Each structure stands twice: as structure tokens, then as C-alpha cells.
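Numbering (the working numbering), first residue to last: 34 to 954.
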Amino acid sequence: MNQIWRRALSAFAGAALLLTMAAPLAAAAPAPVPGSPGHCPDGNGVTVVVDFQELGGDTEIRCAPGEQASGLTALENSGFVVEGTRRWGKAFICRIQGKPGADTERCIDTPPASAYWSYWHAPNGGAWAYSTAGVTGRKPPLGSFEGWSFAKDKTGSTNPPPRVAPVRPTVAAPKTGPKPEIRTAPKTDEVAAGGPEASRWLAGFLKDGLLPGVIGPEKPDHGLTVDALFALVATKADPAAQQQITGALERTVLDYIGNPWSENPNERQGDQTAKALLGAVAAGVDPTDFGGVDLRQETLNLIAGAEAGAFAGELRDRDVQPKSETNLFGQSFAVLGLARSGGVPQPVVDFLIKQQCAAGGFRLSWTSFGATGARCDEDPTAVLDPDSSGMAVQALLAAARTGSTGAADAATTGLNWLESKQDEAGGIGGSGPTAPANTNSTGLGGQALAAGGRTKAAGRAAEFVRSHQLTMDNGGKASAQAGGIAWNRAQFDEAVKDGFPELPGAQDSWRRATAQALLTLAGVPLGELGPDVPDAGPNGKLAKYLTGKLVNGDHVEVTAGEQSFVDYGQTADVAYGLLLSGRQPSSLTKVLAFLDKKDSVETYTQGKGFDKPGARYAGATAKLAFLFSLAGKNPRAVGGIDLVDQLSGLLGDNGRFADISDFGNNANTFGQSFGILALTAVGDTTRADKAATALAAARCKDATMPVGFPAAEGCATGIADATGLALQALNAVPKGGGALSQERKTALTESVRALEKLRQGNGSWTGPGGQNVNSTAYATMGLLGVRQEAKDSRAWLLGLQRQDGGLPLNPGAESNLLASAQALPATAGKSFLTKDNGPVKPAERVAKPVDPKPEPKPTDPPQPDPNPAPGNDPGPAPQPQYRPAALARTGAEVSETLLAGALLLGAGAAMVVLTRRRRAA
Numbered sequence: 034m035n036q037i038w039r040r041a042l043s044a045f046a047g048a049a050l051l052l053t054m055a056a057p058l059a060a061a062a063p064a065p066v067p068g069s070p071g072h073c074p075d076g077n078g079v080t081v082v083v084d085f086q087e088l089g090g091d092t093e094i095r096c097a098p099g100e101q102a103s104g105l106t107a108l109e110n111s112g113f114v115v116e117g118t119r120r121w122g123k124a125f126i127c128r129i130q131g132k133p134g135a136d137t138e139r140c141i142d143t144p145p146a147s148a149y150w151s152y153w154h155a156p157n158g159g160a161w162a163y164s165t166a167g168v169t170g171r172k173p174p175l176g177s178f179e180g181w182s183f184a185k186d187k188t189g190s191t192n193p194p195p196r197v198a199p200v201r202p203t204v205a206a207p208k209t210g211p212k213p214e215i216r217t218a219p220k221t222d223e224v225a226a227g228g229p230e231a232s233r234w235l236a237g238f239l240k241d242g243l244l245p246g247v248i249g250p251e252k253p254d255h256g257l258t259v260d261a262l263f264a265l266v267a268t269k270a271d272p273a274a275q276q277q278i279t280g281a282l283e284r285t286v287l288d289y290i291g292n293p294w295s296e297n298p299n300e301r302q303g304d305q306t307a308k309a310l311l312g313a314v315a316a317g318v319d320p321t322d323f324g325g326v327d328l329r330q331e332t333l334n335l336i337a338g339a340e341a342g343a344f345a346g347e348l349r350d351r352d353v354q355p356k357s358e359t360n361l362f363g364q365s366f367a368v369l370g371l372a373r374s375g376g377v378p379q380p381v382v383d384f385l386i387k388q389q390c391a392a393g394g395f396r397l398s399w400t401s402f403g404a405t406g407a408r409c410d411e412d413p414t415a416v417l418d419p420d421s422s423g424m425a426v427q428a429l430l431a432a433a434r435t436g437s438t439g440a441a442d443a444a445t446t447g448l449n450w451l452e453s454k455q456d457e458a459g460g461i462g463g464s465g466p467t468a469p470a471n472t473n474s475t476g477l478g479g480q481a482l483a484a485g486g487r488t489k490a491a492g493r494a495a496e497f498v499r500s501h502q503l504t505m506d507n508g509g510k511a512s513a514q515a516g517g518i519a520w521n522r523a524q525f526d527e528a529v530k531d532g533f534p535e536l537p538g539a540q541d542s543w544r545r546a547t548a549q550a551l552l553t554l555a556g557v558p559l560g561e562l563g564p565d566v567p568d569a570g571p572n573g574k575l576a577k578y579l580t581g582k583l584v585n586g587d588h589v590e591v592t593a594g595e596q597s598f599v600d601y602g603q604t605a606d607v608a609y610g611l612l613l614s615g616r617q618p619s620s621l622t623k624v625l626a627f628l629d630k631k632d633s634v635e636t637y638t639q640g641k642g643f644d645k646p647g648a649r650y651a652g653a654t655a656k657l658a659f660l661f662s663l664a665g666k667n668p669r670a671v672g673g674i675d676l677v678d679q680l681s682g683l684l685g686d687n688g689r690f691a692d693i694s695d696f697g698n699n700a701n702t703f704g705q706s707f708g709i710l711a712l713t714a715v716g717d718t719t720r721a722d723k724a725a726t727a728l729a730a731a732r733c734k735d736a737t738m739p740v741g742f743p744a745a746e747g748c749a750t751g752i753a754d755a756t757g758l759a760l761q762a763l764n765a766v767p768k769g770g771g772a773l774s775q776e777r778k779t780a781l782t783e784s785v786r787a788l789e790k791l792r793q794g795n796g797s798w799t800g801p802g803g804q805n806v807n808s809t810a811y812a813t814m815g816l817l818g819v820r821q822e823a824k825d826s827r828a829w830l831l832g833l834q835r836q837d838g839g840l841p842l843n844p845g846a847e848s849n850l851l852a853s854a855q856a857l858p859a860t861a862g863k864s865f866l867t868k869d870n871g872p873v874k875p876a877e878r879v880a881k882p883v884d885p886k887p888e889p890k891p892t893d894p895p896q897p898d899p900n901p902a903p904g905n906d907p908g909p910a911p912q913p914q915y916r917p918a919a920l921a922r923t924g925a926e927v928s929e930t931l932l933a934g935a936l937l938l939g940a941g942a943a944m945v946v947l948t949r950r951r952r953a954a
């Protein structure tokens, strides 16, 4: 389907359908029992009332005798002639008694939300209630009333009930019949309330990788299946089931985003297309080749251009009759999917923001229910909908992370509005017929609150959802369905008392409620599901460039003469880039496995085969130990070697790490910084503090950091790379928390300010060859490590990206592997301290000065005046000095530029050369 309320307000009424984006086909109806005109004379039947409203004609009343299996059978068995849609069958009621006519409704796809049959029910002598179950999902009680009323240009709150009171003359005892066998979800030995249990319960309904729809397993529901995929990814449950779902969706993606029942193969449903895009992202599958379909491009193709005026950026259906009826759910999925797959165009975000009214909430539709205008505030009939608001907020937060303008402010306003709608029990209701608190609305709201950092409110929402979840202890007669989540309390209590519902349609509402509510239990919003797409967007291309340079897919080699050698340092740099950016996870696994070999560790950190027995290299040890800590692995067992113990043994009484080698001590401030990070990551703050004190003391007079430890007289100025790495080391505390000493805080702040002064006007820093990618990358990470954004610097780096995806050492040069590897974390907005769930975190935030008044800075080193005034020659501008370190006489020639880059490997210059003399395996 291409709009949500179209489902909710037609045969599938109810908030349980708000994330479905698809509808199932109808099963064959049972043989009808002859009905009779008028009310049922007693309680042994179901009275059906059909009010044609604007379609003309009298209101008709008929009786369906005996027990009725569903609302559909009651409607047909009472004697009404019913037609469904060509695509969905009688799961969507299109015509009753031939109305509306074929001249106005072709009944190919779902009837429009502006003209459809609304479904009602009532007990005898009671009041009409809008049905929260679909026509095939509700079993009418004996003696009750079923109502059908045509709704034209109405909203959820103005839908007219039938104009005949639900009253019959007599009441009789209900007649019971045999109960059909129902499917029981798989049991576990012990099912407790929570996300993983609900995920397993949901996965138990899969058939050939798809979830059944309202009719049953024979008619799968793709939209609900995507919701289930979101839930499984969020809870990290059942990887096999995730693969089954992904494979099934890839095989049938065109059926989902198009219309297999249409004669037009170019028809596209905008909402489904955008949702499928996010599904591919969540699954970690390339969305540009999902079942042979480029879902990113398909979604972009459905975005209205500038010619649409105020509607520019709107997600639209294509070739759908009678008109496009996308809504806020689809627009939000478009923002989410595009933001996670390479970037979302600003107009798409802008149009979503337009759907926010001044109060903070969002409207559901701008195409239906009599809505007018491209903006919510232009629509006098706008109804602020919590479900829509929860979706929009999540999308805007995802867009804000990619730099979209206005998204963060709009999300904050939406969060405030959402939080105001939460009741004392933590529940959130929808709008119209779904206004009472329910798990669907609470699920969406809770996801948004979690995404926005409203942890207390998000926790209350999770508790509300959890209170509606069946367990072995509270499930009563429905305990076999432990893990499932009811839509509301009445549904939960009914299942506990009478057992899990028998009808496929009634079971369907449980599956929908569970899928949507699960992300709140897991605490994972839609914008954070799964990894970023491996090779989408500039950062994805950069990661793909790196992995394309790997030999055998797991290491870097360099060539000297006619021989190739493993470069362990650059291999580690690639691993850091992939790890911090979240890109190419399968390649990262291979690289880490290569570095985890005993031979790799001994060669890289101990000089096996070319240095003396007992040799140890501080920089290499520190860099490798921290890498494995950052990757969530044990640094005390890398290749069978305890790198933490090895590193600790290299820490001197003066707080400096030092090499043990026949080639001398080539330890430097890069290795010192990695050593501090490595020790902090394992909680050894005593040694880390000692090393940090020594690092701070090594700073030059301007508070920047040199490469090598300076002599007693000190140094005038250092370099950006070393300073950026040192900032992260000085600001690092274990993930459990901690505080910096006042001396360390002071050194941190001074060095941040010094680094900011070195930044050029375009956001870059200079290094070998002028403006330098390596220098800018590590300096940017340093500022990110004190919780600055450094957007201009990140933009400068990505502005140099070459056609092959890589970055050069200097502007205008060819792509360089080392520069690309060290730049990827910075361009992705990550530092060594800000990895999600990493072992270290920033202790302090050092904001940019409130009113900095820097002197104008050129983008290139200043040139001396060719005709200076006498006595006023300024001479060349001072630049950081790069001096070659003492190298072992290995016969290798290393240029100064290569050495400057090699020093960034954190292993010491000698180690860089020596590792390159190890032949590749």
C-alpha cells in the first residue's frame, strides 16, 4: 500500500498497521450461508448494517445467521454482494452492492483514503466503535452488530458511523462451534520479557523468509516482513532468520515496490520503495543492487524536483491511479534510507520539516483527509499524529548526523511535543481511532525518544511495552506465545483469559504490534539499525578504495625493487579506518585476523627475523594493542602474545616508552600517545597517567607536539599530526568514566588552542608538501576527540577525494593509501575516543572560543614580499620542521616525505623500514 492510514482506516483498521507499508491478499471465503433482510431476531446471528452515505440509496440491514468466522464472512453471509481489489482481494473491501461504481473506482489497488468503506462494530444496545481489527481479523460475537459506512473526504476523527442504532429486539444465548487449529509459535526453555524473546517469537512465524499477512501464511506481507527485519537486527537475534528475510525480500522486491497486479511495470509505490531502501541498509546489503534493483536510485527517482514548487522534495508514487498518496511515513523512510546510504538531498529533509506544525507535532498526510498546502501550518484541518511524529523525529535525527540543515532543531521541537504526549504509565497514543495509549504508538515514540537522548522517557516507554508482553509466567492460556506483544491491555487480557486468538487476522495484529514495539525494547531507533552501507557515499567510496588495495583481502604490501614486503603499520591504519567508520565489516574481520597471527605480531612488534632476540618496539606494540581493544578483542592475547604486558615493560621511570632494539630507540610521541590510549583502554590508569604526564612535558613552547621527544632546551613549535593524536591521548578515560588531573586538563586546553591556531582558513593543516591530508586527518580527529565538530576540516578532506575514491597526500596529487586510511575516521566524524561502545571516551569537552578573533589565515603558506621595504623584510614564514630520524643501516633509502608519513604509523622510523623488509607471506 502507498499510505498508512489507508490501511488503518479501511479493512485493516488500527494502529497495529502503521508500519506495514504492505497488505496481504485475501483467502477464499467459505461458502455463504443464505442471509435475510432486517435485524437478526435473536442472538443467534450477526446483524450487518451498510450505510451508503454520499453514494446514495437507503441504509440496508441484513442478518448473517449463526456464528461468523470473521467480519468478511458476516458481510457476505448476510447476503451483501462484496468485491475486493484486484491486487489484494477481499482483504480490502472495494465495493458493496456494486458501490462505488466502476466509473469512479476501478478496484485495482487499495481504495483511496479519501473514499473508502469504513468498518465498525457494536454490541447489541451499545454504541458504534471504529474497528481496530481488519475485516478478516475480527470475529464478531454472536448477537453483535457489524457496520459499514462509506467515508468520503473524512478524517480519522470525522468518519461517520452507520446512521442506524445497533439495537435488536431480543437477545439469545450464543451458539458455539468447533474451533480451528491455530499455529503455535516455537517455545523456548525459558522465555523472559524483553526484546530477544519477542524477536524469536516473531521469527517463528516466518515461512520461506516472509511473514504471513492478515489472511495467513499463504499470503505473505512484505511490509510487515521488513518490520520484522528491523526488529531482528535491533536485538541481534537469529542471524539465520535475518538472512532468510533478506533473501526473500531480494527475490520479491519488485512485487513490493511495484504492483504485480497492474498492467504498468513502471508503477512504483513511494512509501514501499523508501522502506525497502532502509531495509537493505539495516541488513547491511548494498542497496544499489538489492535483488538487481538500485533502491537508492529508485527512491531518488520518486523525489519531486524544483518544478514542484512548494512540494519540491516530496516522495511521490509513480503512475499510481488516481493520484499519488504517499504520506509522512514514506517521507521519513526516504530521509532515513537516503541518509544512511550516501546522503539525503536537503529538499527531502526540508519537505519533511514542512509537515511539522508550530506546536511541534507532525501531520500524517498532505494528500488525503481533505489536507491542504505543502506546510502543516497552512492546513486548518491538520491533526497532529504521535505515530507520524515519532517517525519524523527519527528521520530528522539521522539527517542531522549527516549535516542536513534545520534537522536537529526540528527534531528537538518534535521530541518536546512527543514527550508531552506520554502518560503516567509511559504509554503514548495515536490519533483518531488509535488515540488511546497502545504499544504501536508507544513503540514509535519510544524509538524517537531514545534516538534523541531522552533516556528516562524512552525507558518509561519500554516499560509500557514490556507490560503488554506475554511471558511464561503471566501468559495464562496464551503462555505458549511467550514473547508476543499485544496492541493494548484489552487484547493482552483477552489472550491471557481465553488463549491466543484463533483467526489469522487477529494473530496478525499481534505480529504487527510486536514488530513495531520491539525497537523500543531494544533501545535501538530506526536511524541506528545495522551498519552504514559498505560502499555508499564519499566515506563508503573511501573505504572501498582501501579494501581494494589489500593484498589477499587482508594486508598491505609495499614494493622495494622487485620484491614485495608486508607493511604492518599501514595494515593497522586500514583496520583503524574501517573500524571507526563502520565500513566494510567483512574486510575488517579479515585484516584483524591477519594481524592476530603470531608471526604478524612477532614481526611487527618484536622484529622477528631481523633484530636481536628480545627486541621490542613500543609504538608498534601500543598501536596494535589499542587496535584490538577498540575492536572489542582481548589485547592480552593477540597472536598468543600479551601486548599489554609487553607495552608495560617498555615504560620507563621517566614516563616515556622506549624501544629495545639493535637499531636504537626510535620511540616517539606517536607511539607515546598510542601507549596512553592502549593502557587506558584496559583500565591501567596509573601507568596511563604517568605516560600522559611525560607526553604533556614533551610539548613545544607553543603547546603543540613534536614528533620526537625534544632535548632539554625544548622546541619552538611542533606539528599538527602529533598534536591531534596527543589531544586524544590526553583526553582519554576508560569507558566507565574517570577524571583528568588539573595539570592534564590545562595541558589539554592549551594544546587544543595551539592546534586551532595552526589551522588554515579552509580548515586544513600543513605538513610535508604544504596542505596535507595526513596532518589534517589526525588534527581533525584531535578536535573530534574534545567533542568539537570540525565540519570545515572534514569537508576539506572529502573535497580532495579522487575518482577512485581515495585521497592524496597533498591537493592535486594521486590517491595515497596511507593518507586515505588515516583520513577515513576523520571524514566519518570519528576519533579514537568516540567509537560507539568503545573502551575509551573523552573526559572533557573543549569548545571553540565563543568569539575567536584570529588573524586572517591564508590557505597556502605565505610568500615573502618580492620587494620588501628596507629594514622590513619578514623573511620566510615559519613552518614546522620535519627531520629524518636515525635509521638503521639496512640499505633502504627512505625519502623525507615518506618518512614523515611513516612516522604516523606510531612504530618509530626504524620499525617502519624494518617491517618493510619482511617478505610478504
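The beta carbon of each residue, even a glycine, is placed where N, CA and C say it ideally should be. Note that the structure is a prediction, hence the values are computed from the model and not measured.
{"Item": "Whole-number beta carbon distance between residue 233 and residue 516, since they are thought to touch under 8 Å", "Value": "6 Å"}
{"Item": "Beta-carbon proximity list for residue 164, same chain, < 7 Å, skipping 5 on both sides", "Value": "46, 152, 153, 154 and 171"}
{"Item": "Runs of alpha helix (DSSP H) lying entirely within the segment 342 to 415, each at least 4 residues, in chain order", "Value": "361 to 372 and 379 to 387"}
{"Item": "Same chain, Cβ closer than 6 Å to residue 405, neighbours up to 5 away in sequence not counted", "Value": "412"}
{"Item": "Residue range of the beta strand (DSSP E) that includes residue 874", "Value": "873 to 875"}
{"Item": "Boundaries of the beta strand (DSSP E) in which residue 797 is found, first to last residue", "Value": "It is not in any beta strand (DSSP E) - residue 797 carries neither H nor E in the DSSP assignment."}
{"Item": "Stretch pair the segment 380 to 393 + the segment 344 to 356: three plus CB contacts closer than 8 Å", "Value": "yes"}
{"Item": "Rounded straight-line distance, which links the Cα of residue 464 to that of residue 392", "Value": "15 Å"}
{"Item": "Residue 830 and residue 856 closer than 9 Å at C-beta", "Value": "yes"}
{"Item": "DSSP state of residue 757 mapped onto helix, strand, coil", "Value": "helix"}
{"Item": "Beta-carbon proximity of residue 95 to residue 70, cut-off 9 Å", "Value": "yes"}
{"Item": "Beta-carbon contacts of residue 881 that lie in its chain and below 8 Å, excluding the five residues immediately before and after", "Value": "789 and 821"}
{"Item": "Every unbroken beta strand (DSSP E) inside the segment 693 to 776 [3 residues or more]", "Value": "765 to 767"}
{"Item": "N-terminal and C-terminal residue of the beta strand (DSSP E) that residue 181 is part of", "Value": "178 to 185"}
{"Item": "Residue 415 to residue 423 span [Cα, whole Å]", "Value": "17 Å"}
{"Item": "Residue 255: first and last residue of the uninterrupted alpha helix (DSSP H) it sits in", "Value": "255 to 268"}
{"Item": "DSSP state of residue 471 mapped onto helix, strand, coil", "Value": "strand"}
{"Item": "Distance between residue 524 and residue 78 (C-alpha atoms, nearest Å)", "Value": "24 Å"}
{"Item": "Own chain residues within Cβ distance below 6 Å of residue 185, not counting five before or after", "Value": "87 and 148"}
{"Item": "Terminal residues of the beta strand (DSSP E) in which residue 16 lies", "Value": "Any property of residue 16 remains undetermined from this structure, which presents the chain solely from 34 to 954."}
{"Item": "Continuous alpha helix (DSSP H) stretch holding residue 230: start and end", "Value": "228 to 236"}
{"Item": "Stretch-stretch touch, CB-based, cutoff 8 Å, three pairs: the segment 478 to 485 with the segment 493 to 503", "Value": "yes"}
{"Item": "For residue 400 and residue 622, the rounded distance between their alpha carbons", "Value": "47 Å"}
{"Item": "With 16 other Cβ atoms within 10 Å as the buried cut-off, status of residue 836", "Value": "exposed"}
{"Item": "Residue interval of the beta strand (DSSP E) (run including residue 829)", "Value": "Unbroken run through residue 829 is the alpha helix (DSSP H), 824 to 832; no beta strand (DSSP E)."}
{"Item": "Reduced DSSP category for residue 809 - H, G, I as helix; E, B as strand; rest coil", "Value": "helix"}
{"Item": "Residue nearest to residue 781 in terms of C-alpha spacing, selected from 725, 559 and 573", "Value": "725"}
{"Item": "Residues that DSSP places opposite residue 125 in a beta bridge", "Value": "DSSP output for residue 125 lists no bridge partner at all."}
{"Item": "Of the residues 765, 547, 763 and 840, the one placed nearest residue 268, counting alpha carbons only", "Value": "547"}
{"Item": "Outcome for residue 924 when other beta-carbon atoms lying within 10 angstroms are tallied against a minimum of 16", "Value": "With a pLDDT of 26 at residue 924, under the threshold of 50, the modelled position of that residue is not reliable, and the figure given next carries that caveat. With fewer than 16 Cβ atoms within 10 Å of its Cβ, residue 924 is classed as exposed."}
{"Item": "For residue 777, the nearest candidate out of 673, 787, 877 and 116 (CA to CA)", "Value": "877"}
{"Item": "Residue 352 versus residue 104 - alpha carbon distance", "Value": "33 Å"}
{"Item": "Short Cβ contact (9 Å threshold) for residue 874 with residue 663", "Value": "no"}
{"Item": "Opening and closing residue of the beta strand (DSSP E) in which residue 152 lies", "Value": "148 to 155"}
{"Item": "Residue range of the beta strand (DSSP E) that includes residue 592", "Value": "590 to 593"}
{"Item": "Residue 470 and residue 507 closer than 9 Å at C-beta", "Value": "no"}
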